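Residue 1064 in our numbering sits at position 87 of the sequence shown, and the numbers go up by one each step.
C-beta: ideal position from N, C-alpha, C; glycine also.
In this text, all values refer to a predicted model and were calculated from it rather than measured experimentally.
Remarks on the structure that follows.
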Amino acid sequence: MEITEVKVYPVRKPDDKLKAFVTIILDDCFVIRDLKIIHGNSGLFVAMPSRKKADGTYADIAHPLNNDMRQRMEEIVIGEYQKIVETEGDDAKA
């Protein structure tokens, strides 16, 4: 399975941990919306789309089933985010 398109929507709040929303397309035929790029304690990471459950916890709606796919996805998504940040001169670069 290949990520064939990545759309990054940067968030323009300077001190916010949320850096961008992301939409990805897999194999030109399946879309996943509302991924988030977050700046955490150890740098940028990709949070999967999730929903709040009745008990107040959150559950991922869609997510990779193995660590290899998660790493590939993070590399591609964060790479696209960094390209946008560099071209726009945004100070949110990590």
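Query                                                                               : Result
Per DSSP, Thr981 is paired with what?                                               : Beta-bridge pairing links Thr981 to no other residue.
Do the CB positions of Ile1009 and Ala1036 come within less than 7 Å of each other? : no
Checking the sheet assignment: what are the DSSP bridge partners for Tyr1035?       : Lys1029
Is the beta carbon of Pro1026 closer than 7 Å to that of Asp1011?                   : yes
To the nearest angstrom, how far is it from the Cα of Val1054 to the Cα of Lys1013? : 10 Å
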